[in-house]
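K.L.:
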Ligand SMILES: C[S@@+](CC[C@H](N)C(=O)[O-])C[C@H]1O[C@@H](n2cnc3c(N)ncnc32)[C@H](O)[C@@H]1O
Ligand code: SF4
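Numbering (this note's numbering), first residue to last: 4 to 471.
#1: Cβ of residue 145 within 7 Å of any heavy atom in ligand 2?
#2: Going along the chain, which unbroken runs of the beta strand (DSSP E) with 3 or more residues stay wholly within the stretch 307-367?
#3: Report yes or no: do the stretch 198-215 and the stretch 422-437 share at least 3 C-beta pairs separated by less than 8 Å?
#4: Under 7 Å: does the beta carbon of residue 353 sit that close to some heavy atom of ligand 2?
#5: Under the criterion of a Cβ to heavy atom distance below 7 Å, does residue 375 qualify as lining ligand 2?
#6: What residue does the alpha helix (DSSP H) around residue 204 start on, and which one ends it?
#7: Does any heavy atom of ligand 3 sit closer than 7 Å to the C-beta of residue 360?
#8: From this set, 280, 171, 97, 35, which residue's C-alpha is nearest residue 375's C-alpha?
#9: Helix, strand or coil: which one does DSSP assign to residue 402?
#10: Less than 7 Å separating the Cβ of residue 467 from some heavy atom of ligand 2?
#11: Please report the distance separating the alpha-carbon of residue 292 from that of residue 454.
#12: Is the CB-CB distance between residue 338 and residue 317 below 8 Å?
#13: Distance cutoff 8 Å, beta carbons only. Does residue 322 sit that close to anything in chain B?
#14: From what residue to what residue does the alpha helix (DSSP H) around residue 73 run?
#15: Within 10 Å of its beta-carbon, does residue 414 have 16 or more other beta-carbons around it, so buried, or fewer, so exposed?
#16: Given 7 Å as the limit, tell me if residue 223 has its C-beta closer than that to any heavy atom belonging to ligand 2.
#17: Which term fits residue 153, buried or exposed, when burial requires 16 or more other beta carbons within 10 angstroms of its beta carbon?
#18: Where do the N-terminal and C-terminal ends of the beta strand (DSSP E) with residue 6 fall, by residue?
#19: By the three-class DSSP mapping on this structure, what secondary structure does residue 60 have?
#20: Hey, how far is the Cα of residue 64 from the Cα of residue 353?
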């Protein structure tokens, strides 16, 4: 459903909120929004046309002592709450995340505390009363923030991310930029050469700036789609000693003893082996070419090497009902990995699944997500990072859980914008965080492997510019 606004600052956020209330196919009415600002008073007029037509005018004051940037953020937040109240009353719906549309709910709450707008102990009440979150989600934010307190902010601590955007095959739900192995097979060795070239440039940068690499994360895609030799060629160029070193193996069918040996030899401390579901019929349906047996074999192999293990699952996969999801949770708990990440299915336009909408049903999904939180908690897991994506079923979220405080620092850093990230490889997005100036700058490498290879020198130059 379309929202038209006279405010460039607000239009996108308001439209995002509207999209959370209505499915694409539903077009019962249109909304026109007009914002007027006089002195420090903001007046929003929302005109709803169609079946539920009406005109709503609401105002609020901006404190004059605030900076322009802060006033802009307040206008967005307050205007969204006003629209939320209107849409909620005309549809009778309440959204789990209330008026929040951003992808980082914890960062949202932390910023409120850092700017002195609320006190730490009032986070839950504020999120419920002022931003309309459900009590459950507000408590989830509060608890997650508590678990993030262990992370130190220091502009000299940086994370290194290496992207391997290649997968054995494409999963039907996925919209990540990643190429199928067979389509880039001939480019892989040159790609590794370029990644090594970029890593060597990063070495100089790290030395020059006296940075300390706190964590390393090799993600994708599916990094273990590379052969053991290719992995070794890459890993032997990484000479840092981070406190945490993750390789997102992901697809169990790419994991072999030889590859795990290489990971161990070069200091990897954490890997992920992702079942997504323990229902074999779903695995086939979503195009994952592995079985439960593959997951179990990869898992017991990895246990021999003493890695911390993360396992990803997705709530809301096609044709999965609550009972199937419940079984996935109990299988996971039998395995008892250090980390479990529970995603909620998000269906973006670029996913194959977009054309199979009839297999999707979001009725059971809130129950699944709530069940996972309760069951994992009962078994000693605590939430330590949260993020939301566009088009997630039920407007829900992804939550990373850890037992025994084995939180993945990289995940917290990257979601909460705590440390700078030097990203290497195609589609790597580097972020420079200025903790004390409250500023972030970003630079993105070319998205696709062939372009990245062609323009490697430019990638290196841009990186130096960002960090110098
Ligand atoms: C960057 S992907 C890479 C993981 C790895 N390639 C794999 O598939 O095992 C990280 C995780 O995001 C989740 N994910 C990917 N696409 C998703 C989608 N459309 N909706 C919800 N979660 C998704 C999956 O759980 C996946 O394991
Ligand atoms: S879910 Fe993982 S393996 Fe599947 S296509 Fe996406 S990145 Fe690749």
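Virtual Cβ for every residue (Gly too), placed ideally from N, Cα, C.
P.N.:
Quick answer:
#1: Checking every heavy atom of ligand 2 against the Cβ of residue 145, none is found closer than 7 Å.
#2: Runs found: 311-318, 342-347.
#3: Per the Cβ contact rule, the stretch 198-215 is in contact with the stretch 422-437 (3 or more Cβ pairs under 8 Å).
#4: No; taking the cut-off as 7 Å, the Cβ of residue 353 has no heavy atom of ligand 2 nearer than that.
#5: Not under cutoff, so the answer is no.
#6: It spans 191-212 - the alpha helix (DSSP H) in which residue 204 sits, taken as one unbroken run.
#7: This structure does not include ligand 3; its bound ligands are ligand 1 and ligand 2.
#8: Among 280, 171, 97, 35, the Cα nearest to that of residue 375 is on 280.
#9: The answer is strand: DSSP assigns residue 402 an E or B state.
#10: Not so, every heavy atom of ligand 2 lies at least 7 Å from the Cβ.
#11: Taking the Cα positions, residue 292 is about 29 Å away from residue 454.
#12: Contact flag unset, no.
#13: In the structure shown, chain B cannot be found, because there is only a single protein chain.
#14: Per DSSP, residue 73 belongs to the alpha helix (DSSP H) from 71-94.
#15: Under a 10 Å Cβ-count criterion, residue 414 is classified as buried, with 16 or more other Cβ atoms of the shown protein chains found around its own Cβ.
#16: Yes, the beta carbon of residue 223 sits closer than 7 Å to at least one heavy atom of ligand 2.
#17: Residue burial is scored here from C-beta neighbours: residue 153 has fewer than 16 other C-beta atoms within 10 angstroms and is therefore classed as exposed.
#18: 6-8 is the span of the beta strand (DSSP E), which, as asked, contains residue 6.
#19: Here residue 60 sits in strand by DSSP.
#20: Residue 64 and residue 353: Cα-Cα distance of roughly 42 Å.
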